[in-house]
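Colleague: Numbering-wise (the numbering used here), the sequence shown opens with residue 6 and increments by one. Here a beta-carbon is modelled for each residue, glycine too, at the ideal position from N, C-alpha and C.
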Amino acid sequence: MTYELSREHEEFRRTVRSFAAAEIAPHAAQWDRDHHFPVDIVRKMGALGLFGLAAPEEYGGAGDDGDFTSLCVAIEEIGRVDQSMGITLEAAVGLGINPILTYGTEEQRQTWLPDLVSGERLAGFGLTEPGAGSDAGATRTRATLEDGEWVVNGAKQFITNSGSDITSLVTVTARTGEREGGRPEISTIIVPSGTPGFTAEKAYDKLGWHASDTHPLSFEDVRVPEANLLGERGRGYAQFLATLDDGRVAIAALAVGCLQACLDMSLQYAGDRQTFGGPIGRKQGLAFQIADLEVMLHASRLLTYRAAAMKDAGAPVKEFKQAAAVAKLYATESAVTGTRIATQVFGGYGFMEEYPVARFYRDAKVLEIGEGTSEVQRMLIARGLGLPVE
6 MTYELSREHE
16 EFRRTVRSFA
26 AAEIAPHAAQ
36 WDRDHHFPVD
46 IVRKMGALGL
56 FGLAAPEEYG
66 GAGDDGDFTS
76 LCVAIEEIGR
86 VDQSMGITLE
96 AAVGLGINPI
106 LTYGTEEQRQ
116 TWLPDLVSGE
126 RLAGFGLTEP
136 GAGSDAGATR
146 TRATLEDGEW
156 VVNGAKQFIT
166 NSGSDITSLV
176 TVTARTGERE
186 GGRPEISTII
196 VPSGTPGFTA
206 EKAYDKLGWH
216 ASDTHPLSFE
226 DVRVPEANLL
236 GERGRGYAQF
246 LATLDDGRVA
256 IAALAVGCLQ
266 ACLDMSLQYA
276 GDRQTFGGPI
286 GRKQGLAFQI
296 ADLEVMLHAS
306 RLLTYRAAAM
316 KDAGAPVKEF
326 KQAAAVAKLY
336 ATESAVTGTR
346 IATQVFGGYG
356 FMEEYPVARF
366 YRDAKVLEIG
376 EGTSEVQRML
386 IARGLGLPVE
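1) How long is the line joining the alpha carbons of Tyr-310 and Leu-264, rounded to whole angstroms?
2) So the beta strand (DSSP E) Asp-226 belongs to, where does it begin and stop?
3) Start and end of the beta strand (DSSP E) containing Val-177?
4) Going by C-alpha to C-alpha distance, which of Glu-299, Glu-185, Leu-234, Ala-59 sits closest to Trp-155?
5) Within 10 angstroms of its Cβ, does Met-90 collect 16 or more other Cβ (buried), or is it exposed?
6) Counting Cβ pairs, one atom from each stretch, are 3 or more of them under 8 Å apart for the segment 232 to 250 and the segment 58 to 71?
7) Just how far apart, CA to CA, sit Gly-286 and Glu-63?
8) Can Gly-262 and Arg-85 be called in contact, C-beta distance under 7 Å?
9) Could you check what DSSP says for Ala-243 in three-state terms: helix, strand or coil?
10) Going by the CB atoms, is the gap between Gly-51 and Ser-123 shorter than 7 Å?
11) Quickly, what does DSSP pair Gln-279 with across the bridge? List them, please.
12) Return helix, strand or coil for Leu-392, following the three-state DSSP convention.
13) At the level of alpha carbons, what is the spacing between Phe-56 and Ile-80?
14) Just to confirm, is the Cβ distance from Asp-218 to Phe-365 under 7 Å?
15) Assuming Lys-326 and Gly-389 form a contact by the criterion Cβ under 8 Å, report the distance between their Cβ atoms to the nearest whole angstrom.
16) For chain D, find out if any of its Cβ atoms is closer than 7 Å to the Cβ of His-14; answer yes or no.
17) I think Leu-308 touches Val-331, with their Cβ atoms under 8 Å apart; what is that distance to the nearest whole Å?
18) Just to confirm my understanding: we take Glu-28, look at its own chain, exclude 5 residues before and 5 after, and list those with CB closer than 7 Å. What are they?
19) Could you work out which residue in Lys-333, Val-196, Val-227 is closest to Trp-117 when comparing CA atoms only?
20) Would you kindly work out how many angstroms separate the C-alpha atoms of Leu-298 and Gly-343, rounded to a whole number?
21) Rounded to the nearest angstrom, what separates Gly-187 and Ser-139 at their Cα positions?
22) Among the residues of its own chain, which have a CB less than 6 Å from the CB of His-40, if the five just before and after it don't count?
23) Since Thr-165 is in the alpha helix (DSSP H), which residue starts that stretch and which ends it?
24) Looking at the structure shown, is Ile-374 part of a helix, part of a strand, or coil, going by DSSP?
25) According to DSSP, Arg-147 sits in a beta bridge with which residue or residues?
26) Answer yes or no: do Ser-379 and Ala-336 have a C-beta to C-beta separation smaller than 7 Å?
27) Would you mind working out which of Leu-272, Ala-143, Ile-194, Ala-160 sits nearest Leu-222, comparing C-alpha positions?
28) Is it buried or exposed, Gly-377, if we count other Cβ atoms within 10 angstroms and call 16 or more buried?
29) So, at 6 Å on beta carbons, what are the nonlocal neighbours of Val-175 in its own chain, with the 5 sequence-adjacent residues on each side left out?
30) Could you give the distance in angstroms between the alpha-carbon of Gln-349 and the alpha-carbon of Gly-355?
31) In or out: Lys-333 buried (at least 16 other Cβ within 10 Å) or exposed?
32) In chain order, what residues of the same chain have a beta carbon less than 8 Å from the beta carbon of Phe-281, not counting five sequence neighbours either side?
33) Would you check if there are 3 or more beta carbon pairs closer than 8 Å linking the segment 102 to 116 to the segment 245 to 257?
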């Protein structure tokens with residue numbers, strides 16, 4: 006059995022590819038050098054409808070004309086030319102829009118979604134903390150209810166789209182009490198940008214994704230209305246687990262874009278570069294590595310879009326969770342291997358920032374870490390197989 010995207014999805018791919026080639030590719034290297042977050046491009050992506058692909062029409066989204074698979078296609082094509090803009094789109098939808106769309110009240114949706122779906126504004130997802138990464142249940146940020154307001158204190162780190170000029174809010178996981186047995190009650194609270202006591206600290210100096218917006222956040226007696234609770238109190242842990250399932254497939258799509266870029270660059274260079282009287286592509290040692298790239302790309306793409314199709318078809322949660330973990334693990338580890346191969350194909354030039362392959366090499370590593378490390382994916386897959394792994 007084979008899996009192929011629909012004609013409509015392939016037409017949409019061509020549209021996004023043309024946009025990425027015209028609006029992003031010519032500037033990506035400079036944005037990377039300058040650590041510049043291009044707000045104007047984000048808004049152009051919004052005008053193209055990329056942030057609304059999985060949102061209903063009443064909030065400005067694509068409605069029946071879009072789906073999760075379309076979002077993955079867009080992330081792949083944007084990520085093919087610039088991983089920073091790819092993760093900006095992925096996080097804006099998967100971590101910004103999705104929690105409000107899925108768990109928000111109608112008032113919260115009407116208040117926040119139209120601007121987020123249009124790309125005029127962005128939202129962050131405040132989950133990770135200095136002492137709570139893969140062990141997200143170890144959250145220390147606290148929120149107490151006082152006189153009809155949540156008072157939030159704590160810190161978050163590595164939060165994408167959280168401190169840009171167009172960031173409108175961050176959803177924050179926080180301890181709001183204790184359950185029986187001393188386990189923490191974790192809830193999710195909407196904290197608008199500009200709220201007194203809420204600070205997006207100086208942006209990180211990162212290994213890669215230089216053109217994406219990533220900050221540590223601090224909360225000091227931040228007061229927001231009780232109505233800013235997102236979803237049911239005490240369900241924050243379950244909410245972010247479900248949010249990350251979707252995000253893992255989207256990250257896999259970003260990795261597929263990275264692999265496609267590596268294959269494209271390697272093929273062109275292997276045909277152009279001459280050594281010992283001919284193109285280097287005729288050397289088996291190099292040609293076989295590029296062949297491996299092709300295999301990894303095909304396998305990663307099939308795993309990713311199979312998982313996306315399951316999401317769109319409403320597959321059982323357990324089956325989708327397993328498919329998402331498999332796709333994320335294989336595609337992201339393949340992307341890291343693929344960038345290493347591509348850099349080797351370019352030889353000394355691959356080590357120079359003059360060529361995009363160096364940027365993709367730097368950008369790829371975090372794919373194995375963000376939205377669940379490779380170790381976490383292996384744990385989830387093993388549990389899905391019925392193994393009692395810890």
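Modeller: Judging by the given coordinates:
1) 15 Å
2) 219 to 230
3) 172 to 183
4) Leu-234
5) Only buried fits Met-90, as 16 or more other CB atoms lie within 10 angstroms of its CB.
6) no
7) Approximately 52 Å between the Cα atoms of the pair.
8) yes
9) Ala-243 falls in the helix class under three-state DSSP.
10) yes
11) Pro-284
12) Coil.
13) Between Phe-56 and Ile-80, the C-alpha separation is close to 10 Å.
14) no
15) Yes, they are in contact, since the Cβ atoms of Lys-326 and Gly-389 sit about 7 Å apart, within 8 Å.
16) Among the protein chains of the structure shown there is no chain D, as only one such chain exists.
17) 6 Å
18) Ile-46, Lys-49
19) Val-196
20) If I take the Cα positions, the gap works out to 6 Å.
21) 20 Å
22) His-215
23) Looking at the DSSP string, Thr-165 is not in any alpha helix (DSSP H); the run it does join, the beta strand (DSSP E), is 154 to 165.
24) coil
25) Asn-158, Arg-180
26) No, the pair does not count as a contact, with Cβ atoms beyond the cut-off.
27) Ala-160
28) buried
29) If we look at Val-175 and ignore the five residues flanking it on each side, its Cβ neighbours are Gly-129, Gly-131, Ser-167, Val-196.
30) 7 Å
31) buried
32) none
33) As far as the Cβ criterion goes, the segment 102 to 116 touches the segment 245 to 257, which means the pair count is three or higher.
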